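If you read the sequences in order, they're chains X and C. First residue of the first sequence? That's 1 in my numbering, and the numbers climb one at a time after it. First residue of the second sequence? That's 185 in my numbering, and the numbers climb one at a time after it.
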Amino acid sequence: MNITVKAKPMDEEAIRRAILRIAHEILERNKGSQDLAIIGIQRRGVILAERIREVIKDIESTELPLGALDITLYRDDLTTIAYSPLVHRTEMEFDVNEKRIILVDDVLYTGRTVRCALDEIIDFGRPACIQLAALIDRGHRELPIRADYVGKNMPTSASEFVEVHLKELDDADEVVVLERERND
Amino acid sequence: MTKETSKKKNGTQEGRIWAHKDLLALKDLSAREIELILDTAESFKEVSQRSIKKVPALRGKTIVNLFFEPSTRTRTSFELAAKRLSADTINISKSTSAAVKGESLLDTAKNIEAMNVDAIIIRHEAAGAPKILADAIAPAVINAGDGAHEHPTQGLLDLLTIRQKKGRIQGLEVGIVGDILHSRVARSDIWGLTKLGAKVTVCGPPPLIPAGIEEMGVKVTYDLSEIIRRVDVLITLRIQLERQKGSYFPSIREYARFFGIDNEKLQGAKPDILIMHPGPINRGVELSPDIADGKYSVILEQVANGVAARMAVLYLIVGAQSEEE
């Protein structure tokens with residue numbers, strides 16, 4: 001069984017522009033950066049969160065609090081998978097109470113990761129609101145969750161994988177759609 | 185065009201898995217497996233800093249603390265670790281178990297197993313007792329100290345503390361001072377430290393250094409001043425007063441004079457030396473009070489790290505059990 005690259009819907013420039021637009025939309029919807037805080041979901045969501053924060057810093061000259069969330073311990077399938085997945089670090093150095101939280105992830109798919117993240121954030125306190133930003137929304141939701149800010153809506157089939165590659169962890173900034181190829 | 189998914193390629197860590205039913209001894213683990221536990225423990229430290237110190241990872245799991253020897257630190261630490269992962273815990277001590285009615289260890293364990301628990305944490309005065317349980321029952325068995333054999337989670341929390349303070353284990357010089365003969369902590373520390381590449385020297389009065397200990401890959405000295413200048417870490421062991429009836433040394437005072445760590449003996453030591461002790465301390469015997477509470481001491485960090493290390497062990501072992509077994 002091979003995995004083939006089916007499409008590259010976003011390149012470096014497209015990702016940069018999407019982040020720029022999302023940052024502006026966040027400021028528009030929230031009427032500025034007052035009480036805002038950004039939380040990324042490990043690992044690529046954290047990198048996207050950092051980039052959004054940089055853009056907002058350029059526009060508003062304020063540095064928003066940044067958190068990193070590892071949702072592994074909140075997964076609903078921990079008891080059904082064969083091996084315990086690796087746990088990355090959660091870093092929440094600021095008080096989430098009364099903050100307007102922008103939750104950032106790379107790909108929005110079933111919505112189960114976001115459900116974990118919402119539960120985990122609420123274990124830290126009671127934010128004023130939580131809004132969701134995703135670079136890619138590929139559909140196939142299994143929970144009643146939607147994104148407030150989307151880089152690109154991308155209808156996909158369940159046999160495809162969508163991967164976001166970011167320079168900090170991968171070779172380049174790009175979004176790739178992969179498909180499993182059957183040999184039979 | 186074919187291509188491996190890049191997430192696997194980049195995150196070599198992602199492929200690391202835990203494949204043991206039990207944790208009986210650090211001797212059984214590879215350096216990679218020990219590092220997996222330490223890395224996982226690093227991620228768990230933060231949970232104990234939250235205002236709600238609980239994550240749902242082990243919700244619905246039942247963990248039994250079966251302690252046949254007295255313990256506050258280890259038992260409390262395991263219990264907190266389990267509770268912070270949302271597992272339910274039950275404590276059984278020797279005096280409250282049917283062992284006082286003459287029930288055998290295996291019968292006790294089989295009865296606990298019949299109640300469908302997920303893990304048994306056992307401390308026992310007989311070396312090998314956890315192994316006997318592990319072979320006989322399906323739930324995971326975690327060794328919380330067996331005789332003079334091993335105390336693997338103490339070894340792990342010591343490694344975690346050293347790595348946190350020194351940034352590495354590889355290449356460090358570590359001295360272990362005191363009653364090596366009776367110490368399960370020393371054995372777990374030696375296995376863990378040598379597997380991760382530290383150079384270990386054990387030191388104590390000759391009757392308390394077991395013959396053949398060199399085969400574990402350590403050097404031996406009977407003179408504390410010989411190692412004090414070169415070690416990065418000094419692990420002091422508790423003199424087990426309850427086991428000293430066999431007159432291994434003339435008196436506690438004499439022991440303290442030759443092997444008790446105080447300011448005078450630390451003359452010439454590295455300025456960033458770490459002083460460790462698994463507790464409970466006999467103040468004025470293994471450590472003078474000013475050293476136990478002083479700037480080199482990381483004894484309370486060890487205790488804090490103990491909860492994180494045990495959370496990591498419980499998560500890896502109880503969290504997701506391989507179905508293939």
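Every residue, glycine too, gets a C-beta built ideally from N, C-alpha and C. Nothing here was measured: the structure is a model prediction, and the numbers come from that model.
For residue i and residue j, which I take to be in contact (beta-carbon distance under 8 Å), what is that distance rounded to the nearest angstrom?
{"i": "C/R422", "j": "C/A453", "result": "With a Cβ gap of about 21 Å, C/R422 and C/A453 do not count as contacting."}
{"i": "X/T72", "j": "X/V96", "result": "About 19 Å separates the two Cβ atoms, so there is no contact after all."}
{"i": "C/A324", "j": "C/D291", "result": "About 19 Å; that fails the 8 Å criterion."}
{"i": "X/L64", "j": "X/I56", "result": "6 Å"}
{"i": "C/K238", "j": "C/S270", "result": "6 Å"}
{"i": "X/I59", "j": "X/A23", "result": "7 Å"}
{"i": "X/K8", "j": "X/E163", "result": "X/K8 to X/E163, Cβ: 10 Å. No contact."}
{"i": "X/I121", "j": "X/I41", "result": "Not really, about 10 Å apart at Cβ, beyond 8 Å."}
{"i": "C/I247", "j": "C/A266", "result": "5 Å"}
{"i": "C/E370", "j": "C/V386", "result": "It should be noted that the sequence gives Ala, not Glu, for residue 370 of chain C. Their Cβ separation, rounded to whole angstroms, is 7 Å, which keeps C/A370 and C/V386 in contact under 8 Å."}
Can you tell which of the options has the C-alpha that lies nearest to the C-alpha of residue i?
{"i": "C/I276", "options": "C/H308, C/N249 and C/I305", "result": "C/N249"}
{"i": "X/H165", "options": "X/E12, X/I3 and X/L69", "result": "X/E12"}
{"i": "C/P451", "options": "C/L340, C/P464, C/P462 and C/I475", "result": "A small correction: the amino acid at residue 451 of chain C is Gln; Pro does not occupy that position in the sequence shown. Among C/L340, C/P464, C/P462 and C/I475, the Cα nearest to that of C/Q451 belongs to C/I475."}
{"i": "C/L340", "options": "C/V284, C/T258, C/V404 and C/T280", "result": "C/T258"}
{"i": "C/S255", "options": "C/H308, C/I296 and C/E287", "result": "C/H308"}
{"i": "C/L289", "options": "C/K267, C/A265 and C/D319", "result": "C/D319"}
{"i": "X/E142", "options": "X/I136, X/V114, X/P127 and X/D148", "result": "X/V114"}
{"i": "C/I353", "options": "C/S279, C/W202 and C/I218", "result": "C/I218"}
{"i": "C/K349", "options": "C/A395, C/V502, C/D456 and C/E263", "result": "C/D456"}
{"i": "C/L343", "options": "C/I501, C/M299 and C/V487", "result": "C/V487"}
{"i": "C/P390", "options": "C/L380, C/M400, C/D363 and C/T378", "result": "C/D363"}
{"i": "X/N2", "options": "X/F161, X/D171 and X/A172", "result": "X/F161"}
{"i": "C/L392", "options": "C/V404, C/L500, C/L380 and C/Y432", "result": "C/Y432"}
{"i": "X/A185", "options": "X/R75, X/L103, X/S33 and X/R126", "result": "This structure cannot speak to residue 185 of chain X, because chain X is shown only from 1 to 184."}
{"i": "X/T79", "options": "C/T280, C/R243, C/S281 and C/I436", "result": "C/R243"}
{"i": "X/D76", "options": "X/I19, X/G111, X/R180 and X/E181", "result": "X/G111"}
Kindly list, in the order they appear in chain D, the residues whose Cβ is closer than 7 Å to that of residue i.
{"i": "C/R234", "result": "Among the protein chains of the structure shown, namely X and C, there is no chain D."}
Let me know the secondary structure DSSP gives residue i once reduced to three states.
{"i": "C/E426", "result": "helix"}
{"i": "C/G359", "result": "strand"}
{"i": "C/S481", "result": "strand"}
{"i": "C/A283", "result": "helix"}
{"i": "X/L27", "result": "helix"}
{"i": "C/V404", "result": "strand"}
{"i": "X/Q34", "result": "coil"}
{"i": "C/N327", "result": "strand"}
{"i": "C/S277", "result": "strand"}
{"i": "C/T189", "result": "Reliability of the predicted coordinates at C/T189 is poor, the pLDDT of 37 falling under 50, and no value is obtained from them."}
{"i": "C/T246", "result": "strand"}
{"i": "C/G396", "result": "coil"}
{"i": "C/F262", "result": "helix"}
{"i": "C/Y432", "result": "coil"}
{"i": "X/N2", "result": "strand"}
{"i": "C/T345", "result": "helix"}
{"i": "C/S506", "result": "Residue confidence is low: C/S506 scores 45 on pLDDT, short of 50, so the model does not pin down where it sits. No coordinate-derived value is stated."}
{"i": "C/G376", "result": "helix"}
{"i": "X/T110", "result": "coil"}
{"i": "C/C387", "result": "strand"}
{"i": "X/E54", "result": "helix"}
Should residue i go down as buried or exposed, given a rule of 16 or more other Cβ atoms within 10 Å for buried?
{"i": "C/S235", "result": "exposed"}
{"i": "C/Q197", "result": "Only weak support is given to the placement of C/Q197: the predicted model assigns it a pLDDT of 44, under 50, and the question is left unresolved by the model."}
{"i": "X/V46", "result": "buried"}
{"i": "X/E168", "result": "exposed"}
{"i": "X/M154", "result": "buried"}
{"i": "X/D157", "result": "Note that residue 157 of chain X is Ser in the sequence shown, not Asp. It counts as exposed."}
{"i": "X/T4", "result": "exposed"}
{"i": "C/H461", "result": "buried"}
{"i": "X/V107", "result": "buried"}
{"i": "C/Q338", "result": "buried"}
{"i": "X/V150", "result": "buried"}
{"i": "C/E410", "result": "exposed"}
{"i": "C/L425", "result": "exposed"}
{"i": "C/L484", "result": "exposed"}
{"i": "X/M10", "result": "buried"}
{"i": "C/N300", "result": "exposed"}
{"i": "X/A172", "result": "exposed"}
{"i": "C/K245", "result": "buried"}
Please identify, using Cβ separations under 9 Å, the residues of the segment 238-263 of chain C that lie next to chain X, in order along the chain.
Residues passing the 9 Å Cβ filter: K238, V239, P240, A241, L242, R243, G244 and K245.
By the 9 Å beta-carbon criterion, what residues does the segment 86-97 of chain X contribute toward chain C?
L86, V87, H88, R89, T90, E91 and M92
Residues of the segment 201-215 of chain C with Cβ closer than 9 Å to any Cβ of chain X, in chain order
For the segment 201-215 of chain C, which is checked against every Cβ of chain X, the residues closer than 9 Å are I201, W202 and A203.
Against chain C: residues of the segment 138-167 of chain X by CB proximity under 8 Å:
F161, E163 and H165
Please list, in chain order, the residues of the segment 54-71 of chain X that have any C-beta partner in chain C closer than 9 Å.
D70
Give the residues from the segment 215-228 of chain C that approach chain X closer than 9 Å (Cβ to any Cβ), ordered along the chain.
L220, D223, T224, E226, S227 and F228
What residues in the segment 475-505 of chain C have a beta carbon less than 7 Å from any beta carbon of chain X?
The residues in question are Y499, L500, G503 and A504.
Closer than 8 Å, Cβ to any Cβ of chain X: which residues of the segment 439-458 of chain C, in chain order?
none
Report the residues of the segment 396-412 of chain C with a CB closer than 8 Å to any CB of chain X, ordered along the chain.
Going along the segment 396-412 of chain C in chain order, one finds no residue with a Cβ nearer than 8 Å to chain X.
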